[in-house]
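Here's the structure, in structure tokens; my notes come after.
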Amino acid sequence: MNYAFIVVALVIASLTGCAQRSTMPEDTSAADALAARPTIEPVGSVSLVTAQMRAPSLASDTLGTRVDIGIVPFTTRENAVNKAAFGDWIFDEIKLKETQFLPHLLSKALIESDLWGAVRVLPEADPSLVITIRGEIISSTGLDLAVHINATDSSGRVWLAQDYADVAQLSDYPESTRFTYGNRFDGANYVDPFHDLYKQVANDLLAARDGLDDGLLAETLQIADLVYARDLAPERFASTLTENEEGLLRLVTLPAADDPMLARVSDMRYRHHLFIDTVDEYYQTLYEDIQPAYVLWRRYSLDQTEETLSREATPPSTTTYGDSRSFLALSQRYDRFKWSKIYEHEFTELAAGFNNELAPAMLALNGQVHGLSGTMEQQYREWRGILRALFELETAPLSERDLEE
């Protein structure tokens, strides 16, 4: 005999009896969350534009494939309604992880298009990359996602500044997302419910690039090279760029192609890109580790939303199952409570290793070992400081030799 089922049934029956004797307060938090959803037109079904789909004249776009992209962790808008619906602690954890989780999904769409250079998720804007993408999460539940995407190049030119939204269906959440006993989540074959949103962003970014003539795109690539050179050696390369009346960087002069200092910069940039490839792998690992718990929350969020919509669609009545004091409604609330506890346990376990410090990373550089510790943001900044110091050491003898000649 299933005693657990009997206990649950007795508890719910008891609650039903209590509800008949007194008025039970309505759970309006989920309904409020629905009412607060943004009214951005969903992207619908989107086909990602890929290199294989491009016209022959654009298939060998060598300039475009040199455009490296960096995506920084998103920000999120404070949403008191969502906090009330899911709880302060849960919402804060989700908000923190989403800001790092969603950029990886966007990077996957850009990489899949095969129309760009390297695409990396990084802790902050990187001066060695041509395009920086920032995002703000406007709203995020298991039912819908709304974000604002901003993309700028090294000159400061805005390529993209737009709101995007997508809506999920129940079919987007297979049975594996319920995490029942013996049912493991299949992350390798799971398709994100909002993948059309990321495809649309990738397509719009491509359209922005296609809107630039080759001369302007080539100049943008040159500016990106000099922005990184100026970051390493501000005094040496300060005069190569200027800011126009629109606030955009423009070329003043280019160093000679055989400039030995420029060769040093290129060498440093190569080393730096090896490091940020590792940083991007960190975000890939974070994505893979946190995905099961995050999808579980999305499924729980969708179930809660579906329950709210169903309750609102049924006229209030003490004789129907739609009433909040009915046996069915209380059963649904118990099920929702059960899923929230499962989520809390899973998410706590997975989040613990990422909210504090990372394990120290030991990197071999120029015959020496530099120990980097702290959060990924701290490691990234420490690394850039090491490169600047190393650049100064390597170029000092070169400068002295030039003076002697």
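So for the sequence shown, the numbering used here puts the first residue at 46; every next one is plus one. For every residue, glycine included, the Cβ atom is placed at its ideal position computed from N, Cα and C.
Annotation: the continuous alpha helix (DSSP H) that includes residue 259 extends over 259 to 277. Pairing residue 199 with residue 114 gives a Cβ-Cβ distance that is not under 8 Å. Under DSSP, residue 120 takes part in a beta bridge, and its partners are 181.
Shown here for residue 421: same chain residues with a beta carbon closer than 7 Å to its own, the five before and five after excluded, namely 168, 324, 327, 403 in chain order. In this structure, residue 156 sits away from residue 178, with a CB-CB distance that is not shorter than 8 Å. With 16 or more other CB atoms across the displayed protein chains lying within 10 angstroms of its CB, residue 238 is buried.
In this structure residue 183 is in contact with residue 191, their Cβ atoms being roughly 4 Å apart against a cut-off of 8 Å. Assignment of residue 287 by DSSP, reduced to helix, strand and coil, places it in the strand class. Here residue 181 is near residue 119, since their CB atoms are less than 8 Å apart. Just measuring C-alpha positions, the residue of 314, 152, 301 sitting nearest residue 245 is 152. In the same chain as residue 298, and ignoring 5 residues on each side of it, the C-beta atoms closer than 8 Å to its own belong to 284, 285, in chain order. Residue environment: residue 261 is assigned as exposed (fewer than 16 neighbouring CB atoms within 10 Å of its CB, all protein chains considered).
Of the candidates 352, 331, 341, 331 places its Cα closest to the Cα of residue 150. It is roughly 11 Å from the alpha-carbon of residue 353 to the alpha-carbon of residue 346. The shortest CA-to-CA distance from residue 93 to any of 145, 141, 349, 248 is the one to 248. Apart from sequence neighbours up to five positions away, the residues of its chain that approach residue 87 with a beta-carbon distance below 6 Å are 210, 211, 212, ordered along the chain. Under DSSP, residue 197 shares a beta bridge with 177, 203. Of the residues 273, 437, 341, 163, the one whose Cα lies closest to the Cα of residue 218 is 341. Non-local beta-carbon contacts of residue 90 in its own chain, meaning distances under 8 Å to residues more than five positions away in sequence, involve 241 in chain order. Contact between residue 146 and residue 278 fails: their C-beta atoms lie close to 36 Å from each other, not under 8 Å.
Spanning the alpha carbons of residue 174 and residue 204 requires a straight line of approximately 14 Å. Per DSSP, the beta-bridge partners of residue 165 are 115. DSSP places residue 295 in the uninterrupted beta strand (DSSP E) bounded by 294 to 296. When DSSP assignments are scanned along the segment 324 to 354, no uninterrupted stretch of beta strand (DSSP E) that is 3 or more residues long falls wholly within it.
Pairing residue 208 with residue 251, the inter-Cα distance amounts to about 17 Å. Going by C-alpha positions, residue 110 is about 42 Å away from residue 348. Looking at the backbone, the Cα of residue 258 and that of residue 108 are separated by about 11 Å. For the 8 Å CB-CB criterion, residue 310 and residue 273 form a contact. If you look at residue 159, you'll find it isn't in any alpha helix (DSSP H); DSSP assigns it neither H nor E. The beta carbon of residue 439 sits closer than 8 Å to the beta carbons of 309 from its chain, once the five residues preceding and following it are set aside; these are given in chain order. In the three-state reduction of the DSSP assignment, residue 438 falls in the helix class, which pools H, G and I. Counting along the chain, residue 229 sits inside no alpha helix (DSSP H), nor does DSSP assign it H or E at all. For residue 187, no pairing in a beta bridge is given by DSSP. Sequence-distant Cβ neighbours of residue 170 in its own chain, meaning closer than 7 Å and more than five residues away, are 115, 117, 177.
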